[in-house]
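These notes are about the structure you will find just below.
Here it is in structure tokens:
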């Protein structure tokens, strides 16, 4: 699937980019793998980490805000994974225009450059926060998703296909609750702050996120939104799994934070099919034909809602403990 292909990852030095790079180099022999990001130090560190693959890897300093640089980077590229974004909710709230420049205008630049450079397929990473957004970050990702899906109607005679992969916070990714709790526990704290005792989240590992992107690369015909089928957990159970002796203190939901993660709304359900390992939300555009619907799926019931609080798969405290053992937690 990816053998002899030239692949570019925007935001390639992030948690997902490094995990995706490892997965590609383990299972495939790409012609070239380009890491596109704006942080030269992270590129320097990653370059040393993957030094034995120097004949395949290329490190390209650039920002998705810079369309000219993207055009240069995408020359002869076959597949683009768009992972670059400003993701921190409070930072986006305080710096809204900066989030818009990266998450919206940056998406537009990736779309335009990919079409003009005849990229075969573009997979854009999304977020649960793009669904019924209550914060600026989520709003920018909603716009980004819409842009990538609509991008398929602007391709014309070129071959570029755009699709989206949507999942929630990756377990143990930087800035998420697991490394936050671990830092407190490691420093000897015996009280963990919980924003709301009713809060729930989906659990997805980096490896599962990578596999969903592989599915999109392999299957997508353009216009799909892929959503993982993953278990839910309660934040209080996570805290108990990480520190049995700690007390829990409810401190209130932060600005822009949701009580539960929602991946699929009842409105989306009209065009959502369920498969063994994931859901696919198909587009409603006139150019989309039913013949493009992947076989083996089943249209979900009317009014279906895929949310972390109504999920039929849950992790117990013991399940969470077992999953934590396999994580590389960075903070």
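Numbering (this note's numbering), first residue to last: 149 to 479.
Glycine included, every Cβ here is placed at the ideal spot set by N, Cα and C.
None of these values were measured; they are calculated from a predicted model.
Item, Value
"Does the beta-carbon of residue 154 have 16 or more other beta-carbons within 10 angstroms, so that it is buried, or is it exposed?", "buried"
"For residue 354 versus residue 313, is the C-beta distance shorter than 7 Å?", "no"
"Leaving out the 5 sequence neighbours to the left and right, which residues in its chain are closer than 8 Å to residue 202 when beta-carbon positions are compared?", "195"
"Excluding five sequence neighbours on each side, which residues of the same chain lie with their C-beta closer than 8 Å to the C-beta of residue 479?", "Below a pLDDT of 50, predicted positions are generally treated as unreliable, and residue 479, at 45, falls in that range; the measurement from the model is reported next regardless. Counting only Cβ-Cβ distances below 8 Å, and skipping sequence neighbours, we find 322, 327, 328, 330 and 331."
"Please go through the same chain and pick out, in chain order, the residues whose beta-carbon is closer than 6 Å to the beta-carbon of residue 291, but skip the five residues on each side of it.", "252"
"Three-state secondary structure (DSSP) at residue 262?", "helix"
"Shortest alpha-carbon distance to residue 412 belongs to which of 474, 374 and 200?", "374"
"How would you write the range of the alpha helix (DSSP H) that residue 181 sits in, first residue to last?", "Run containing residue 181: none in the alpha helix (DSSP H); it sits in the beta strand (DSSP E), 180-185."
"Comparing alpha-carbon positions, which option in 361, 215 and 417 lies nearest residue 311?", "361"
"Would the segment 294-305 count as touching the segment 400-411 if we require 3 or more Cβ pairs under 8 Å?", "no"
"Relative to the C-alpha of residue 455, which candidate in 443, 435 and 377 has its C-alpha closest?", "377"
"Please tell me whether, using a cut-off of 6 Å, the distance from the CB of residue 319 to the nearest non-hydrogen atom of the ligand GTP is below it.", "Absent from the structure shown: the ligand GTP. Ligands present: none."
"Counting Cβ pairs, one atom from each stretch, are 3 or more of them under 8 Å apart for the segment 185-193 and the segment 160-173?", "yes"
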